[in-house]
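Okay, structure first, notes after.
Residue numbers (mature numbering (1 follows the signal peptide of the UniProt record, and there is no 0)): -23 to -1, 1 to 408.
Written out as structure tokens, the structure is:
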């Protein structure tokens, strides 16, 4: 049986590591800035509670928002999550819809000393780019650079994390997480119908400028948790600190002349396209502070609220700051309720029901307008045996605004995960 579980786990992780590279990320023009859209770190149970959970731990799912909460891990737990997103993008003149999805994360957590010290390993996205923007020039005389420009971007920065949490007393826990960040982001600009009287090419053409950044470096998160009993319930306070990350970055820059079908044009004048290989630099991701408060009745209900602050004006790439970034503050509130976890006759009483909301201002500031977002979430956990669950979460939200010639996104997120809990690594005791 132990060999079967080990083989099953190895197979699951192999599939996940291979499949994760094929998952598609949310299409958003706002992902054109910086390292793209930063992914929600919470798992599906957190998603259903407005993405809150810095101070909340349940025995049925893996705590990911605060490494200190791992200290209370009782089971060996494996969880894999999927996501499907629909994004309705509109400006003052146009509107279109994009649907994307794929495998989102996978994690394994296991107690070294149950209820005292535990470790987790996870693979998840840090951020992603997925956009295509077209800009038409109304007058080639006033805009001699190009009559049509297209801006495209894609790629994902992934995290392979190792976290551990330790209950140093009955009420106080600490934890730390080390993340290896890897992946690449590509931004491409294509100019059409370049005006150049001295040009020797005799056919219409495009000029493509492509920038690819490859990331490979570590980042760290620290956490703490304090819990006290109030009557039959518990009040829990949590805090996390993401240390400023200075990610090693290699940049490749490629300038190329293409046909209108985006096929490279080859002639003597075009053989020496401008190319820079492996230019080394640093991408700075600013520090982040988060705090959370939860009021809990074990295996029955919980109410959680989180607040976080991050000053993205400290972001820079290759020593250059981005003036489109400012401060970001996030508020996340949610709760869950299980009618009767021990019910043996009514299945719906063992189901956990969740709801929440989240509000974020920034960090993008475009045309002197903060790009804010707001979401409402619902979710549930469906037990499949005494320990394991299928988790669902649904979010409807909005990002951006139509004011000041900007873009508004109305999105729907459907998240699904499977959590398998068991006691795998406990030593059997014999009399």
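Backbone N, C-alpha and C fix where the C-beta goes; we use that ideal spot for every residue, glycine too.
Note that this is a predicted model, so its numbers are computed, not measured.
Under 8 Å by Cβ, that's how I've got residue i and residue j pegged, so tell me the actual separation to the nearest angstrom.
i, j, result
"residue 37", "residue 357", "Contact flag wrong, Cβ pair sits at about 12 Å."
"residue 138", "residue 99", "5 Å"
"residue 163", "residue 186", "In fact, because the Cβ distance is near 11 Å, the residues do not count as touching under 8 Å."
"residue 228", "residue 207", "Actually they do not touch by this definition, with Cβ atoms about 54 Å apart."
"residue 11", "residue 302", "6 Å"
"residue 215", "residue 45", "7 Å"
"residue 68", "residue 384", "5 Å"
"residue 3", "residue 64", "6 Å"
"residue 334", "residue 310", "6 Å"
Starting from the C-beta of residue i, find all residues in its chain whose C-beta is less than 6 Å away, skip the five residues before and the five after it, and write them out in chain order.
i, result
"residue 50", "86, 88, 95"
"residue 336", "308, 351"
"residue 93", "144"
"residue 392", "21, 24, 60, 370"
"residue 288", "263, 304"
"residue 326", "316, 317, 320"
"residue 269", "31, 32, 215, 283"
"residue 372", "352, 354, 390"
"residue 230", "188, 253"
"residue 260", "224, 226, 294"
Enumerate in chain order the residues of its own chain whose CB-to-CB distance from residue i is below 7 Å, with the five nearest sequence positions on each side excluded.
i, result
"residue 18", "41, 42"
"residue 266", "218, 285, 286"
"residue 365", "396, 397, 398"
"residue 330", "313, 314, 357"
For residue i, which three-state DSSP category applies?
i, result
"residue 382", "helix"
"residue 87", "strand"
"residue 209", "coil"
"residue 49", "helix"
"residue 101", "strand"
"residue 327", "helix"
"residue 8", "helix"
"residue 143", "strand"
"residue 13", "coil"
"residue 25", "helix"
"residue 44", "helix"
"residue 289", "helix"
"residue -20", "Only weak support is given to the placement of residue -20: the predicted model assigns it a pLDDT of 38, under 50, and the value that follows is read from those uncertain coordinates. Helix, per DSSP."
"residue 400", "coil"
"residue 152", "strand"
"residue 71", "coil"
"residue 395", "strand"
"residue 278", "strand"
"residue 18", "coil"
"residue 445", "This structure gives no information on residue 445, because the portion of the chain shown stretches from -23 to 408."
"residue 239", "coil"
"residue 360", "strand"
How about residue i and residue j: are their beta carbons less than 8 Å apart?
i, j, result
"residue 97", "residue 16", "no"
"residue 210", "residue 274", "yes"
"residue 193", "residue 222", "no"
"residue 306", "residue 338", "yes"
"residue 54", "residue 398", "yes"
"residue 58", "residue 82", "yes"
"residue 5", "residue 77", "no"
"residue 236", "residue 182", "yes"
"residue 312", "residue 26", "yes"
"residue 394", "residue 56", "yes"
"residue 73", "residue 400", "no"
"residue 201", "residue 150", "yes"
"residue 161", "residue 132", "yes"
Could you check whether the Cβ of residue i sits closer than 7 Å to any heavy atom belonging to the ligand ADP?
i, result
"residue 7", "By its list of ligands, the structure shown contains no ligand whatsoever, and the ligand ADP lies outside what it can speak to."
Review point. Where are the beta strand (DSSP E) runs, 3 residues long or more, that stay fully inside the segment 291 to 357, in chain order?
Key: Correct list: 304 to 314, 329 to 338.
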